[in-house]
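Numbering (numbering that gives the first Met the number 0), first residue to last: 0 to 125. Using N, Cα and C, we set each Cβ at its ideal position, and we do this for glycine too. All of these numbers come straight from a predicted model, not from anything done at the bench.
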Amino acid sequence: MPIPVTWSSRLLSVMRIVVALVFFSHGISKLFGLPPFPMPMTPLIYVAGVLEVVGGGLLIVGLFTRPVAFVLSGMSAVAYFMAHMPQGPFPIVNGGEAAVLYCFVFLYLAAAGGGVWSVDAQRGRG
0 MPIPVTWSSR
10 LLSVMRIVVA
20 LVFFSHGISK
30 LFGLPPFPMP
40 MTPLIYVAGV
50 LEVVGGGLLI
60 VGLFTRPVAF
70 VLSGMSAVAY
80 FMAHMPQGPF
90 PIVNGGEAAV
100 LYCFVFLYLA
110 AAGGGVWSVD
120 AQRGRG
């Protein structure tokens, strides 16, 4: 039995929250070492960590979802092309699967908004 269409906005919110929590954890690892980040920190990685923590936090609650998701989509694309693409063109080989998925999930959120369970929806801007 398919999921009723009335659940679409709720599932959009659940997807936004889960993806944002995992994305947020990337930033926590980079900035606070929980768990320890496996690479040396560079200024660009610090910027990525700040975007992951701030942007991920905003997406968790669904505040400014569309513009934040658009920025994070671009950041994920840059991460893929700078860090993964030089190691080969295939995400499965170069370790860039997460960056590609984040890029397109965030691009979708930039278009779709945060769903019914978001601060944006409560403010009438969802």
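Taking 7 Å as the line, does the beta carbon of Q121 fall inside it for any heavy atom of the ligand COA?
The model depicted lacks the ligand COA and carries no ligand whatsoever.
CA-to-CA distance, E51 to G73, given in whole angstroms:
If you number the sequence shown from 1, residue 73 lands on position 74. If you number the sequence shown from 1, residue 51 lands on position 52. Distance between the alpha carbons of G73 and E51 is about 12 Å.
Would G114 pass as a contact of S24 if the rule is Cβ separation under 8 Å?
Reading the sequence shown from its first residue, position 115 is the one you call residue 114. Reading the sequence shown from its first residue, position 25 is the one you call residue 24. It is not a contact, given that the beta carbons lie outside the stated cut-off.
Three-state secondary structure assigned by DSSP to V115
For the purposes of this step, residue 115 is taken as residue 116 along the sequence shown, with counting starting at 1. It is coil, neither helix nor strand.
Closer than 8 Å by C-beta to P90: which residues in its own chain qualify, once you throw out the five before and the five after it? Chain order, please.
Residue 90 sits at position 91 when you count from the first residue of the sequence shown. Scanning its chain for C-beta atoms nearer than 8 Å, with the 5 sequence neighbours on each side dropped, one finds around P90 the residues Y79, H83, E96, A98 and V99, in chain order.
8 Å Cβ cutoff met for G94 and V70
The sequence position of residue 94 within the sequence shown is 95, counting from 1. The sequence position of residue 70 within the sequence shown is 71, counting from 1. Between G94 and V70, the C-beta spacing is not below 8 Å.
Thinking G56 and K29 are a contact (beta carbons under 8 Å), I'd like their distance in whole angstroms, please.
Indexing the sequence shown from 1 puts residue 56 at position 57. Indexing the sequence shown from 1 puts residue 29 at position 30. Distance from G56 to K29 at the Cβ level is roughly 14 Å; contact not present, criterion being Cβ atoms closer than 8 Å.
Could I get the ranges of all uninterrupted alpha helix (DSSP H) runs contained in the stretch 17-97, with 4 residues as the minimum, in chain order?
Assignment of alpha helix (DSSP H) within the stretch 17-97, counting only whole runs of 4 or more residues, yields 42-60, 64-78 and 90-93 in chain order.
Please report the Cβ distance between A68 and L108, rounded to the nearest whole angstrom; I am assuming they are in contact, meaning their Cβ atoms lie under 8 Å.
In the sequence shown, residue 68 corresponds to position 69, counting from 1. In the sequence shown, residue 108 corresponds to position 109, counting from 1. That belief holds up - the Cβ atoms of A68 and L108 are roughly 4 Å apart, short of 8 Å.
Quick one, are the C-beta atoms of I59 and I16 less than 8 Å apart?
Start at 1 with the first residue of the sequence shown, and residue 59 comes out as number 60. Start at 1 with the first residue of the sequence shown, and residue 16 comes out as number 17. Their beta carbons are under 8 Å apart, which means I59 touches I16 by this criterion.
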